Amino acid sequence: MGYFEDFLMEYGTLYTRNSIIKYPKKTLYISVLQNRHQYQSKLKKNLGYIDKDCAYTKNGSSETSSSNDEEIREKDEKTFELTIPYLKYMEMEPEIVLYKDGAGVRTYEILKPNTWSDIINDYIIQELKLPCNYLYKRCKVRSDMSNSQYFLYFVAACKDCNNSLKGWSNQKPTRGQPLELKICTNDTRGMESIHFSKRPLRGTKRDKVANELVTDIPSNWRRKKATTDMEFGNFSPPNLYRNEVLRKAKQEHKDQLLGITVKCPVLSLVELKHSQFSGSIHSIGIDPILVHYWSNHQITIFKDMLKKYCRVSIDATGGLVKKTKRTSFDLLSAHIFLYEVVINASYGQIPVCQMISEKQDTLTICNWLTRWLNAGVGVPHEVVCDYSAALLGAVTRAFCNLSLQCYVKKCFTSLIEHEK
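Heads up: take any position in the sequence shown, counting from 1, add 139, and you land on my numbering.
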């Protein structure tokens, strides 16, 4: 490190010893590793170190082989024509950005960031059927055609096969007319087996896909996308995203809609209880996990159903809520169940009361039902549930004020007296 400091001082790259000390070690390592600003080459030259592989490459047949590869690549390149509708072009219409240039400021025109590459790439996959996963590096826009041959020019490279792509448009589209693009790249159709990576889902497209997933699940989204964009037997294209990516995009979009900024689920519930869902979330427990929630609208529906003979069903499922981690040891919680009270009306089944609970004992369930009754609802005429001992005991305690054993005895006595 001391030698490199002297070298940098000699070549005047970092100007002063103080700036060298402030230069991050990781940044310095990457700069040397990737030979940025010729750091690695100058160091090797100053040390008198000659890389044998590099020397062989310079002296021998590698020059001819690399030039031959370039010639072969150029021979295989084809120029495709691509048309992008005007409405899609408007979504990525060029905008002016400012860059600092010393003491002054320079202006540039660029296509809309985090938008243009997805639009162009989707049309390349849709129209040209190329399997490459292109990663776009830059795009230059020139509205003043007097100083440039092209209106826009961009380059890209495939992540899997390193196939390069150049695209350009000779003129800016007039109002209502499509954008005419020319794409110069190798025709990799028929080489789908070596392409397996996916494009990153980000920017405008991430928001669009997440909005579609609000009322759908990732597997259905993938199925619809495959049905419309693929034929039977085709390989999965780079823009058919994996389920885990779609689930994460959906979660982030829902968090944004709900205003959730804290990553802790319990603290997020506390925030929602005292803001957006005030009056709907009634009790929150952290260890064990416990949430009681029902809305005023649900209470109104249930009270309306009580005017006639009212039958409710109570059941629980443990396949919807993930286990949470506690403490610095990442201890997992027990299975977390969702409990629901549901009424069956002529227009469908309607949930009127819910609980999320880590404990599934009689006292916990009875406490939930009792709190619901204290909210001003009446006792239903009939309750249907499974043969869970905890659920049966909680129902009889909350609605009949009897233990399960006493309730069974009373029912049996009633049947005997009725027979007599």
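For each residue, glycine too, the CB sits at the ideal point set by N, CA and C.
On a predicted model such as this, the values are computed, not experimentally measured, just so you know.
Residues of its chain near residue i, where Cβ-Cβ distance is below 6 Å and the 5 sequence neighbours each way are ignored
i: V353; result: none
i: P233; result: E248, L250 and V280
i: G532; result: T501 and L543
i: R345; result: A388
i: Y448; result: H520
Beta-carbon spacing of residue i, residue j below 8 Å
i: Q501; j: L477; result: With the sequence shown as reference, residue 501 is identified as Thr, and Gln is not the correct amino acid for it. For T501 and L477, no; Cβs fall outside 8 Å.
i: L250; j: L291; result: yes
i: H392; j: A349; result: yes
i: V516; j: S452; result: no
i: I428; j: I504; result: no
i: Y225; j: P317; result: yes
i: V401; j: I423; result: no
i: I399; j: S407; result: yes
i: H436; j: R510; result: no
i: P339; j: L385; result: no
i: I475; j: V481; result: no
i: K298; j: N272; result: yes
i: T327; j: N309; result: no
i: L379; j: R361; result: yes
i: I235; j: Y262; result: no
i: D454; j: D525; result: yes
Beta bridge counterpart(s) of residue i as assigned by DSSP
i: M117; result: Because the chain spans 140 through 559 in this model, residue 117 falls outside it and cannot be assessed.
i: Y292; result: K279 and W307
i: L471; result: K464
i: F219; result: I322
i: S417; result: I420
i: G315; result: Answer is none; G315 lacks a bridge partner.
i: L274; result: A296
i: A484; result: G487
Rounded straight-line distance, which links the Cα of residue j to that of residue i
i: R536; j: E521; result: 14 Å
i: K239; j: P376; result: 40 Å
i: S256; j: L274; result: 8 Å
i: T439; j: Y546; result: 29 Å
i: L267; j: M369; result: 13 Å
i: N198; j: E216; result: Bear in mind that a pLDDT of 44 at N198, under 50, signals an unreliable position, so the model cannot answer this.
i: G329; j: N174; result: 36 Å
i: L396; j: Q493; result: 22 Å
i: F219; j: V294; result: 14 Å
i: C300; j: L320; result: 23 Å
i: W507; j: C403; result: 24 Å
i: S124; j: K276; result: Within the shown structure, residues of the chain are numbered from 140 to 559, placing residue 124 beyond reach of any answer.
i: Q265; j: I322; result: 14 Å
i: P312; j: K305; result: 19 Å
i: K461; j: Q390; result: 14 Å
i: L530; j: F371; result: 49 Å
i: P519; j: K347; result: 44 Å
i: N185; j: K165; result: 23 Å
First through last residue of the beta strand (DSSP E) which encompasses residue i
i: S452; result: R450 to T456
i: S375; result: Note, S375: premise wrong, no beta strand (DSSP E); not H, not E.
i: R245; result: G243 to I249
i: D240; result: E234 to D240
i: I425; result: I420 to I425
i: E410; result: Note, E410: premise wrong, no beta strand (DSSP E); alpha helix (DSSP H) at P404 to K412.
Close Cβ partners of residue i (< 8 Å) along its chain, the five nearest in sequence each way excluded
i: E230; result: K251, T254, I258 and T343
i: F374; result: P270, E331, S332 and H334
i: K498; result: P427, L429 and A473
i: W433; result: S419, H421, V491, C492, Q493, W511 and A514
Residue i: first and last residue of the uninterrupted alpha helix (DSSP H) it sits in
i: E351; result: G342 to E351
i: H392; result: N382 to L397
i: V534; result: A528 to C539
i: E521; result: Per DSSP, E521 belongs to no alpha helix (DSSP H); it is in the beta strand (DSSP E), E521 to V523.
i: A365; result: P357 to D368
7 Å Cβ shell around residue i - same chain, five flanking residues per side excluded
i: R381; result: K337
i: K412; result: I420 and I423
i: R341; result: N253
i: I555; result: none
i: R245; result: Y238
i: Y289; result: R281, W307, S308 and N309
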